[in-house]
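This report refers to the structure that appears directly beneath it.
Number of protein chains: 2
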Amino acid sequence: MPANRRISMAVIRRLPRYYRYLGELLENGIKRISSKELSERMGVTASQIRQDLNNFGGFGQQGYGYNVEYLYKEIAKILGLDNKYKVIIVGVGNLGQALANYVKFEERGFVLCGLFDVNPRLIGMTIRGIEVKDIDEMEAFVKENKIDIAYLTLPKSKVRKVAEDLASWGVKGLWNFSPVDLDLSSDVIVEDVHLSDSLMTLSYRINRQMQKKEAQLKKLHK
Amino acid sequence: MPANRRISMAVIRRLPRYYRYLGELLENGIKRISSKELSERMGVTASQIRQDLNNFGGFGQQGYGYNVEYLYKEIAKILGLDNKYKVIIVGVGNLGQALANYVKFEERGFVLCGLFDVNPRLIGMTIRGIEVKDIDEMEAFVKENKIDIAYLTLPKSKVRKVAEDLASWGVKGLWNFSPVDLDLSSDVIVEDVHLSDSLMTLSYRINRQMQKKEAQLKKLHK
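Just so you know, the protein sequences line up as chains F and A, in that order. 99 is the number that our numbering gives to position 99 of the first sequence; each next residue is one higher, with no gaps. 262 is the number that our numbering gives to position 40 of the second sequence; each next residue is one higher, with no gaps.
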């Protein structure tokens, strides 16, 4: 794929979903799938799938469909999952601990190397054999171990400074769980996960549905 | 707002972000903001903001801008945050425990009422004063307490059945953390949080950037 080709974020965000569905097909022993069948399972149009995959050269064969394992592996490559990433977690509260214990990430190539916190009650504790270190030791650790990615589960007020530091020490990507959009000056890649945004979207949708139901009831009783 | 008005999911997903930014302005004592200023902070166009808010009747005044506190409260209402929601968590592993300990959600009206798991080692444990109960007791609990929302942090293989059950017992919304798209037959609202999709998007973007940098280097050395 030419490095200068622009691919929209919308397409990129659909790729992990393709990967997930293909993984499930593989688990179920399905070796081949038509774009029509895949589209029905995923709830998107077949032409959408073809268009999306054509961004990366296309992988289907007329009259045959997709070879599930091949497509799964190719999408893994596109997503960079054939690489290994050295990861640290900054902020080892409940969420940090949950992420540290999530072995699925490890299996996909995101290898946990270090845990950092400021809380003396947490420092010295071990998770999956990795000791929680004082955040003061982080700079040396990141530089020595050439850390690629940091998961950030810090309080909102602390996260920006830590993020800027990590970027200046050579970290390539930040997975940010703090409720702040990290727009940093450097070219580090930031992926924000705003859990509370998602919860608020849920409450909005619940309310809208209740309003609709009430409106329908009123109509019925007129 | 008329109940039958269609508002796009794209607009809806931006609302929590407005809410978050307005909350920060309030914290910093800012009482009034022009749409231009708000747009610069948020990295969206001023016309986008006006368009988005016009879906709900608009809140700005020509020449004055937005009253921050008023707009914050109005968006809270639109998001349904003036309501209280009774919440249970199903699956009290690391992530479930992290969510249970997240008091910010509680402050926004999502009141944790129950915790359920199948693991005998977890049953009987308490988090924030709430005892983890056997999942067998869930049906009675949900019906008696009229639970509104369930956070699902269960293994992929278990989640669909539990979700269908909860929906049939009257739960209105599901916040799903399992790596499955829950397309249920009932009209329960589902909000999926796919953490691994987000992490894969991060690795994709890191790889793309490295490819671009390599391409630039090659050009320089030609």
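Glycine included, each C-beta is placed from N, C-alpha and C at the ideal position.
Query	Result
Rounding to the nearest angstrom, what Cα-Cα distance links F/Asp64 and F/Thr126 in this structure?	In the sequence under discussion, the amino acid at residue 64 of chain F is Tyr, which differs from the Asp named in the question. Cα to Cα, F/Tyr64 sits roughly 51 Å from F/Thr126.
Check the Cβ-Cβ distances between A/Pro401 and every residue of chain F, and say whether any is below 9 Å.	yes
By a C-beta neighbour count over all protein chains shown, 10 Å radius and 16 as the cutoff for buried, is F/Val162 buried or exposed?	buried
Over what stretch of residues does the alpha helix (DSSP H) that includes F/Leu202 continue unbroken?	Leu195 to Leu220
When you compare only the Cα positions, how much space is there between A/Tyr426 and F/Ile12?	8 Å
Tell me the residue span of the alpha helix (DSSP H) that contains F/Phe177.	First-last for F/Phe177: undefined, no H or E at that position.
Quick one: what's got a C-beta closer than 7 Å to F/Asn227's C-beta in the same chain, skipping five residues either side?	With chain F represented from 1 up to 222, any question about residue 227 of chain F goes unanswered, as that position is not in the structure.
Below 8 Å on C-beta distance, what does F/Phe110 contact in chain A?	Leu421 and Ser425
I think F/Lys86 touches F/Asp148, with their Cβ atoms under 8 Å apart; what is that distance to the nearest whole Å?	5 Å
Distance cutoff 9 Å, beta carbons only. Does F/His194 sit that close to anything in chain A?	yes
Excluding the 5 residues preceding and the 5 following A/Leu244 in the sequence, name in chain order all residues of the same chain whose CB lies nearer than 7 Å to its CB.	Val290, Leu293, Tyr294 and Ile297
Kindly list, in the order they appear in chain F, the residues whose Cβ is closer than 8 Å to that of A/Leu406.	Neighbours of A/Leu406 on chain F: none; closest Cβ ~13 Å, over 8 Å.
Find the residues of chain F that neighbour A/Arg235, judging by a C-beta separation of less than 7 Å, and give them in chain order.	Thr201
Within the 9 Å Cβ cut-off, does F/Ala167 reach chain A?	no
When burial is assigned at 16 or more other CB atoms within 10 Å of the CB, is F/Ala150 buried or exposed?	buried
Closest to A/Ile345 by C-alpha separation, out of A/Val312, A/Leu442 and A/Glu361, would be which residue?	A/Val312
Hey, could you find the ends of the beta strand (DSSP E) F/Leu112 is sitting in?	Phe110 to Asp117
Can you look up F/Arg32 in the DSSP assignment and give me helix, strand or coil?	strand
Just to confirm the assignment, what range does the beta strand (DSSP E) spanning A/Tyr286 have?	First-last for A/Tyr286: undefined, no H or E at that position.
Please go through the same chain and pick out, in chain order, the residues whose beta-carbon is closer than 8 Å to the beta-carbon of A/Asp274, but skip the five residues on each side of it.	Val233, Arg236, Leu237 and Tyr240
Give me the residue from A/Ser407, A/Leu376, A/Lys368 and A/Trp391 with the minimum Cα distance to A/Trp397.	A/Leu376
Buried or exposed for A/Ser400, please, with buried defined as at least 16 other CB atoms from any protein chain shown within 10 angstroms of its CB.	buried
F/Tyr66 and F/Arg41 - do their beta-carbons sit closer together than 9 Å?	no
Under a Cβ-count criterion, where at least 16 other Cβ atoms within 10 Å of its own Cβ denotes burial, should F/Gln97 be classed as buried or exposed?	buried
Going by CA-CA distance only, name the one from A/Ile428, A/Lys435, A/Ala437 and A/Leu417 that's closest to F/Tyr102.	A/Leu417
With distance defined between alpha-carbon atoms, name the residue in A/Asp358, A/Ser269, A/Gln433 and A/Leu303 nearest to A/Pro342.	A/Asp358
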